[in-house]
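*Asks:*
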Amino acid sequence: MARIDVLMPQMGESIAEGTLSKWLKKLGDEVKRDEPLFEISTDKVDAEIPAPSAGKLVEIKVQEGQTVPVQTLVAVLETDKDAAVSSPAAAAAGGAPKAAPAPKPAAPAPPSAAASPVLPRPSPSSSAPKGDGGVETAEDRLRRKSTPLVRKIAAEHQVDISTIPGTGFAGRVTKNDILGYIERAPTGAPSAPGTRQPAAGPVVHPTVEAWPGDRVEPMSKIRKITADHMIQSRRTSAHVTSFFEVDYSRVAELRAKHKTSYAERGANLTYLAFIAKACGEQLRAHPIVNAAVSGDTIIYRRDINIGIAVALEWGLIVPVIKHADELSLMGLTRAINDLGERARSKKLSPDEIQRGTFTITNPGVFGSYAGAPIINQPQVAILGVGTIEKRPKVITLPDRTDTIAIRVMGMISMSYDHRVVDGADADRFLADVKKTLEEFPEGAV
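Sequential numbering of the sequence shown, starting at 358, is according to the working numbering.
1. Could you check how far apart the C-beta atoms of asparagine 662 and lysine 679 are, in whole angstroms? I think they sit under 8 angstroms.
2. Does the region 701-711 come within contact of the region 393-410, defined as at least 3 CB pairs closer than 8 angstroms?
3. Give every residue of the same chain whose Cβ lies closer than 6 angstroms to the Cβ of aspartate 386, excluding the five residues on either side of it in the sequence, and list them in chain order.
4. Give the DSSP-derived three-state secondary structure of alanine 485 in the structure shown.
5. Name the one or two DSSP bridge partners that lysine 859 has.
6. Below 7 angstroms CB to CB, which residues in the same chain sit around isoleucine 521 once its five sequence neighbours on both sides are set aside?
7. Could you give the uninterrupted runs of the beta strand (DSSP E) lying entirely in the region 670-737, keeping only those of 3 residues or more?
8. What is the rounded straight-line gap between the Cα of serine 378 and the Cα of serine 577?
9. So, do the region 661-676 and the region 619-627 have three or more beta carbon pairs nearer to each other than 8 angstroms?
10. Is it buried or exposed, arginine 670, if we count other Cβ atoms within 10 angstroms and call 16 or more buried?
11. Leaving aside the five residues before and after valine 777 along the sequence, list all residues of the same chain whose C-beta is less than 7 angstroms from its C-beta, in chain order.
12. Excluding the 5 residues flanking proline 749 on each side, which residues of the same chain have their C-beta closer than 7 angstroms to its C-beta?
13. Excluding sequence positions up to five away, which residues of its chain have a Cβ less than 7 angstroms from the Cβ of valine 802?
14. Note down the Cα distance separating proline 467 from aspartate 571, rounded to an integer number of angstroms.
15. Ordered along the chain, which non-local residues of its own chain (more than five positions away) have a Cβ less than 8 angstroms from that of histidine 643?
16. Label glycine 713 either buried or exposed according to how many other C-beta atoms from any shown protein chain fall within 10 Å of its C-beta, with 16 as the threshold for buried.
17. Within 10 Å of its beta-carbon, does alanine 512 have 16 or more other beta-carbons around it, so buried, or fewer, so exposed?
18. Between which two residues does the alpha helix (DSSP H) carrying tyrosine 619 extend?
19. Excluding the five sequence neighbours on either side, which residues of its own chain have a C-beta within less than 8 angstroms of the C-beta of leucine 673, listed in chain order?
20. Looking only at C-alpha atoms, which of Met358, Arg390, Ile406 sits nearest to leucine 381?
21. Using a Cβ-Cβ distance cut-off of 8 angstroms, determine whether leucine 430 contacts chain D.
22. Quick check on the burial criterion: 16 or more other C-beta atoms within 10 angstroms. Buried or exposed for alanine 441?
23. Only counting the same chain, and skipping five residues up and downstream in sequence, which positions put a Cβ closer than 8 angstroms to that of aspartate 489?
24. Nearest CA to the CA of alanine 609: which residue from Thr564, Thr753, Phe631?
25. Taking just the CA atoms, how far does lysine 634 sit from aspartate 362?
26. With a threshold of 16 other CB atoms inside 10 Å of the CB of phenylalanine 715, please say whether the residue is buried or exposed.
27. So is alanine 404 buried or exposed if we call it buried at 16+ other beta carbons inside 10 Å?
28. Going by C-alpha distance, which of Ala432, Phe601, Val427 is nearest lysine 792?
29. Along the beta strand (DSSP E) that carries alanine 395, what are the first and last residues, could you check?
Spelled out as structure tokens, the structure:
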């Protein structure tokens, strides 16, 4: 008889904890090796965690909705199929976890198929004296308990972590939080620890009264993070949006001609692949659109990493195609298909949603004519793709007479950070993307 410990995995170097959002197996279920066992949610990604071994699920140590440190004992598998399953009470009493004990789960959320469990929060009544004679709550202590990497960065820059609005569990400061704070902090001599520096305040969402008969659901973790990031992006960047109409007739012709051969090789050739190819080429020619702002400096990114926004039932995620400008149309098609499928099945790794330099969002698949998307920080531009459909268009014939023809048309829009990207820069980039799509070469397919 062998017992296999199942631990909370570390989904990325800077991630110190995870929320067990859903058990995919019940106590007593037989589990195959690498079969999805439970779902977790972190600051970076939602993912399904496979079973490390075949066996029977005999103990569940962490309940749905609990957030625990990495390497915490989550469950126990029993490889002897004849072994009796421990009762829930015995499972709760048997064996201490290898890491710190998990916090108590939050109160159950209102029933909803789409809602994620409520994240637990420390009780405000649990308090201890502060160094200044005040009372430190459990939330205060948890905010200070950042990862070693965050504390190291804070010490190097002489920053008091308690002054930074955190986006992690219970307001914990993540690596991205402190790096963003340092980038936004005023230049000059760093302040000593304990000295509060000016910073953008935490995102506060106004509360609204629920009326009788309303259904109230907590935001999922990914929805809460998205909401906070969208507000922060509006605060940070001076948003301006330009719109261009594109004649996709050439792309439609090439897609119809090659779609079958791509499908035979396991790739679904979409308009989005052509658009990503055009953007990849033009970002190299227009480096300011592939840049980032750091204080009063501009970082011109060497790599061209294009994020593709994927709409999920539980929120929005942006997997990133690394070195997109170096990929062929087939390579981009495969990458878009693969990342989109794994995003929907919660199989992305944290690295696959980081280090983007430019983002494409495609609400046109839902019928949207055009839109003004919000920039994905710390990038300086995001391209929106409107619906692509047949429309009447005035065209000029070789004899210079005009006529109305049916063409495959669509809008593209780009929101950009006017702090560093001027309208002329954005429009030149969009004009070149439009030209590339309308004159797409046969040899590039």
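All C-beta atoms, glycine included, are put in the ideal place defined by N, C-alpha and C. Remember, predicted model here, so these are calculated numbers, not experimental data.
*Replies:* Quick answer:
1. 5 angstroms
2. yes
3. Leu414
4. With a pLDDT of only 40 at alanine 485, under the threshold of 50, the placement of this residue in the model should not be trusted, and no figure is reported.
5. Because the chain in this structure spans residues 358 to 802, residue 859 falls outside the shown range and cannot be described.
6. So the qualifying residues of the chain are Val530, Asp534, Ile535, Tyr538, Ala556.
7. 672-674, 715-718
8. 9 angstroms
9. No, the region 661-676 is not in contact with the region 619-627.
10. The sequence shown places glutamate at residue 670, not arginine. Exposed, because fewer than 16 other Cβ atoms sit within 10 Å of the Cβ of glutamate 670.
11. Ile645, Ala648, Val650, Ile655, Val737
12. Ile761, Ile763
13. So the qualifying residues of the chain are Leu611, His615, Leu686.
14. Here the model assigns proline 467 a pLDDT of 35, short of 50, so the residue's position is not dependable and the matter cannot be decided.
15. Excluding five sequence positions before and after histidine 643, the CB atoms of its chain that fall closer than 8 angstroms to its own CB belong to Asp782, Arg785, Phe786, Asp789, given in chain order.
16. Glycine 713 comes out buried.
17. exposed
18. 606-621
19. Ile579, Thr583, Ala666, Val667
20. Ile406
21. In the structure shown, chain D cannot be found, because there is only a single protein chain.
22. In this prediction, alanine 441 has a pLDDT of 40, which is less than 50 and means its spatial position is unreliable; nothing more can be read from the coordinates.
23. For aspartate 489, the predicted structure reports a pLDDT of 44, less than 50, and the residue's modelled location is therefore unreliable. The matter cannot be settled from this model.
24. Of the candidates Thr564, Thr753, Phe631, the one whose C-alpha sits nearest the C-alpha of alanine 609 is Phe631.
25. 46 angstroms
26. buried
27. buried
28. Selected option, being the one with the closest Cα: Phe601.
29. According to the sequence as given, residue 395 is phenylalanine; it is not alanine. Counting along the chain, the beta strand (DSSP E) containing phenylalanine 395 begins and ends at 393-398.
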